[in-house]
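J.:
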Amino acid sequence: MCGILVTTRRDRPFSHKLLKSLQNRGPDAYGFWIDSEVGIGHTRLSIIGLDERGTQPMENERYVMAYNGEIYNYMGLRDRLVAEGVAVEGITDTEVLLAGWAHWGADVLTELEGFWAFTVLDKVERTITMVRDQFGIKPLYYLVDEDGVIAASLL
Numbered sequence: 004m005c006g007i008l009v010t011t012r013r014d015r016p017f018s019h020k021l022l023k024s025l026q027n028r029g030p031d032a033y034g035f036w037i038d039s040e041v042g043i044g045h046t047r048l049s050i051i052g053l054d055e056r057g058t059q060p061m062e063n064e065r066y067v068m069a070y071n072g073e074i075y076n077y078m079g080l081r082d083r084l085v086a087e088g089v090a091v092e093g094i095t096d097t098e099v100l101l102a103g104w105a106h107w108g109a110d111v112l113t114e115l116e117g118f119w120a121f122t123v124l125d126k127v128e129r130t131i132t133m134v135r136d137q138f139g140i141k142p143l144y145y146l147v148d149e150d151g152v153i154a155a156s157l158l
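Following my numbering, the numbering of the sequence shown begins with 4 at its first residue and continues without gaps.
(1) Under the three-state reduction of DSSP, which class applies to Arg135: helix, strand or coil?
(2) Given that a residue counts as buried once 16 or more other Cβ atoms are within 10 Å of its Cβ, and exposed if not, what is Phe138?
(3) How long is the line joining the alpha carbons of Glu98 and His106, rounded to whole angstroms?
(4) If you count every other CB in all the chains shown that lies within 10 Å of the CB of Ile43, and 16 or more means buried, which is it?
(5) Excluding the 5 residues flanking Arg135 on each side, which residues of the same chain have their C-beta closer than 6 Å to its C-beta?
(6) With distance defined between alpha-carbon atoms, name the residue in Ile94, Glu92, Asp96, Met68 nearest to Leu124.
(7) Quickly, what does DSSP pair Tyr33 with across the bridge? List them, please.
(8) Identify which residue in Ala155, Leu157, Ser156, Glu149 has its Cα closest to the Cα of Arg12.
(9) Given that a residue counts as buried once 16 or more other Cβ atoms are within 10 Å of its Cβ, and exposed if not, what is Arg129?
(10) Would you mind sorting Ala86 into buried or exposed? The rule is 16 or more other CB atoms within 10 Å of its CB.
(11) Using the C-alpha atoms, what's the distance from Leu84 back to Leu112?
(12) Helix or strand or just coil, what does DSSP make of Glu98?
(13) Do Ala154 and Ile7 have their C-beta atoms within less than 8 Å of each other?
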């Protein structure tokens, strides 16, 4: 159980107070990524990859991801990515998901076994993608209107 927060709203910009409101979803660590238009925050309940390498939001050259869930087959996906020449340094399911998204795009969703909710910011295209597993086990609420986007694991 982790907490996700994303905002692009000028009337409700990213704040640590908003992020702290998700602390009961993830009391072990928190992190945030902010630029001039987007704020992404994450509170973490450490289950897989218990060290700081699993701290989120997680970023590579193109994407920033905040993730909540568990991908049961992430080690197999990691092996496939490595076999296809993708460097996956760590062993957390978040790192594998981020590498899979960067390599296969949304097609990675057809390979996932487990339950999840996550957001991905494409820093090049300036798009935000929000995804929930097919059963909607992990919460992710959002509002999109003329003032922007706000999404979170709690209402």
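Ideal Cβ placement from N, Cα and C applies to all residues, glycine included. Nothing here was measured: the structure is a model prediction, and the numbers come from that model.
T.: Per the coordinate set shown:
(1) Indexing the sequence shown from 1 puts residue 135 at position 132. Reduced to three states, the DSSP call for Arg135 is strand.
(2) On the sequence shown, residue 138 is found 135 positions in, with the first residue counted as 1. Flag for Phe138 reads exposed.
(3) Taking the sequence shown and counting its residues from 1, the one referred to as residue 98 is at position 95. Taking the sequence shown and counting its residues from 1, the one referred to as residue 106 is at position 103. One C-alpha to the other measures close to 12 Å.
(4) The count along the sequence shown starts at 1 and reaches residue 43 at position 40. By the C-beta density criterion, Ile43 is buried, having at least 16 other C-beta atoms within 10 angstroms.
(5) In the sequence shown, residue 135 corresponds to position 132, counting from 1. Taken in chain order, the residues that qualify are Ala120, Leu143.
(6) Taking the sequence shown and counting its residues from 1, one reaches residue 124 at position 121. Of the candidates Ile94, Glu92, Asp96, Met68, the one whose C-alpha sits nearest the C-alpha of Leu124 is Met68.
(7) Here residue 33 refers to the residue found at position 30 when the sequence shown is read from its first residue. Tyr33 is bridged to Thr46.
(8) Here the question's residue 12 lines up with position 9 in the sequence shown. Relative to Arg12, the option among Ala155, Leu157, Ser156, Glu149 whose CA is nearest is Glu149.
(9) Within the sequence shown, numbered from 1, the residue matching residue 129 stands at position 126. With fewer than 16 Cβ atoms within 10 Å of its Cβ, Arg129 is classed as exposed.
(10) Indexing the sequence shown from 1 puts residue 86 at position 83. Under this definition Ala86 is an exposed residue.
(11) In the sequence shown, residue 112 corresponds to position 109, counting from 1. In the sequence shown, residue 84 corresponds to position 81, counting from 1. Answer to the nearest angstrom: the Cα atoms are 14 Å apart.
(12) Taking the first residue of the sequence shown as position 1, residue 98 is located at position 95. Here Glu98 sits in helix by DSSP.
(13) Working through the sequence shown from its first residue, we reach residue 154 at position 151. Working through the sequence shown from its first residue, we reach residue 7 at position 4. Yes. Within cutoff.
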